[in-house]
Amino acid sequence: MSDSPVASIFLSPQWQEVWWENFRDGREMVSFSVPSGDGGVEALASLSRLDNAIGFVGAPDTFDYNDFLVRPGFEEAFYGTLLDVLECWEWDDVRLDSLIEDSPTLVHLPDMARNRGYSVEVEYEDVTSGVDLPSDWEQYLGLLTKKNRHELRRKLRRLDSQTEWRWYCLTSPGEVMESFDSFLSLMRVSRTDKEEYMTPERERFFRALTRRMAELDRVRLFYMEIDGAHAAASLCFDYGGARLLYNSGYDPDLSYYSVGLLLHAMCVRDAIEQGLGYFDFLRGPEPYKAHLGGRQKSLYRVVVKRN
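Right, dumping it as C-alpha cells:
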C-alpha cells in the first residue's frame with residue numbers, strides 16, 4: 136500500500152504489531168481489508184474496539200500520523216464499505232485520531248457519514264512540521280530565513296571554537312540497543328514533560344520498537360559528543376524516502392551551546408547527503424522546527440457518533 140498518499144512508518148505492520156503487543160489492554164482487533172480484482176488489496180483499515188468505542192490501532196502519544204491505507208481512485212468505494220461494515224458492528228462512537236490535513240479521510244468520510252444519519256465532528260488535534268530537502272547543504276541553508284540561517288551558522292561557529300565535539304549515527308541493532316540507555320537518559324533530563332511521558336510502559340514500547348526498526352535498517356540514532364561525553368541524542372527513522380525525527384534529548388547543562396538544535400541540524404544534513412527528499416519533524420509546535428525550515432500542517436481527529 137505504498138501508493139496510498141498517507142502511507143507512513145506508523146501504518147507499517149511492524150510498527151503496529153509492536154504497539155499492539157505493548158498496549159492492546161483489552162482491545163479487540165476489528166481490522167479489515169478490501170481486495171482488488173487482481174488479487175491485491177485496494178484498502179486496509181487497522182481498527183480496534185474497546186468497550187463500545189472503535190478507533191485506529193495506535194494512539195496519538197506514540198503515533199504521529201494515523202489513517203486508512205487506500206489506493207488512489209478507490210476512496211469513495213472504500214469509505215462506503217467502511218460505513219457498511221460499521222453498520223454491522225456494535226459501537227457508540229468511532230474516533231479517528233492524527234489525520235493529516237490533506238487526508239482522504241477528511242475529504243470523504245464526514246459528509247458520507249452524515250448522509251447516513253451519523254453525527255460527525257472534525258476536531259483540531261495538533262500540528263506537524265517538515266521540510267522538502269534540496270540536493271545539498273548550502274541550498275538547504277538558502278531555504279531558511281536570513282535570521283535563522285545566521286543563527287544556525289553562528290551557533291555552529293561557537294561550538295567549533297569553544298569545544299571539542301563530534302556527531303555520529305548508529306544504525307546496527309547491536310550498537311543502537313547498546314547505547315539506548317544513554318538516549319533515554321538524555322530524553323528524560325532534557326524536559327520535565329519528557330520525563331513524565333517516559334513511563335515504564337512507554338519505555339518498553341520504545342525499546343521494542345527501536346529494536347524492531349533497527350532490524351529493518353530504519354533506525355538512525357544520532358549522538359553529539361562534547362569532550363567525549365554524550366551531549367545530545369536524536370532518534371530518527373528513515374522510511375519512504377524521508378527521515379522522521381521521532382524523539383530526542385540533550386544535557387541541559389550544555390544548553391548554552393544549543394546542542395539539541397545543532398544535532399537536529401546534523402540529522403538534516405545527513406539526510407540530504409543520503410539523498411532523502413523530506414525531513415519530517417513530526418508532531419508538536421516546538422520553535423526549533425520552524426528555525427530549521429519546517430512548514431506546519433494541521434492534524435485533525437474525526438469523531439463519528441450514532442444519533
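Take 136 as the starting number for the sequence shown in this note's numbering and just add one per residue.
Even for Gly, the Cβ is constructed at its ideal location relative to N, Cα and C.
This one's a predicted model, so the numbers in the text were calculated from it and none came from an experiment.
Item to complete: Identify every residue that forms a DSSP beta bridge with Asp228.
Response: Ala188, Lys440
Worksheet entry | In DSSP terms, what Phe372 is bridged to | Under DSSP, the beta-bridge partners assigned to Phe372 are Val354, Leu379.
Discussion item. Which same chain residues end up closer than 7 Å to Tyr435 when comparing Cβ atoms and leaving out the 5 residues on each side of it in sequence?
Written reply: Around Tyr435: Leu234, Glu236, Leu241, Val257, Glu258, Tyr259, Glu260.
Item to complete: Using the DSSP secondary-structure output, state which residues sit across from Tyr413 in a beta bridge.
Response: Asp267, Ala377
Discussion item. If we require 3 or more residues per run, which beta strand (DSSP E) segments fall completely within the region 243-300?
Written reply: 254-267
Worksheet entry | Alpha-carbon spacing of Trp154 relative to Pro335, whole angstroms | Their Cα atoms are separated by approximately 14 Å.
Worksheet item: Does the Cβ of Glu330 have 16 or more other Cβ atoms within 10 Å, making it buried, or fewer, making it exposed?
Response: exposed
Discussion item. With H, G and I counted as helix, E and B as strand and the rest as coil, what does DSSP make of Glu163?
Written reply: strand
Discussion item. Between the alpha carbons of Tyr413 and Asp267, how many angstroms are there, rounded?
Written reply: 5 Å
Fill in: Glu350 versus Asp196: straight-line alpha-carbon distance, rounded
23 Å
Practice prompt. Kindly give me the distance between the Cβ atoms of Leu321 and Tyr392, rounded to whole angstroms, as I take these residues to be in contact under 8 Å.
Written response: 14 Å between Cβ atoms; not a contact.
Worksheet item: Sorted by chain position, which residues of the same chain lie with C-beta nearer than 7 Å to Ala406's C-beta, five sequence neighbours on each side aside?
Response: Leu268, Arg378, Phe414
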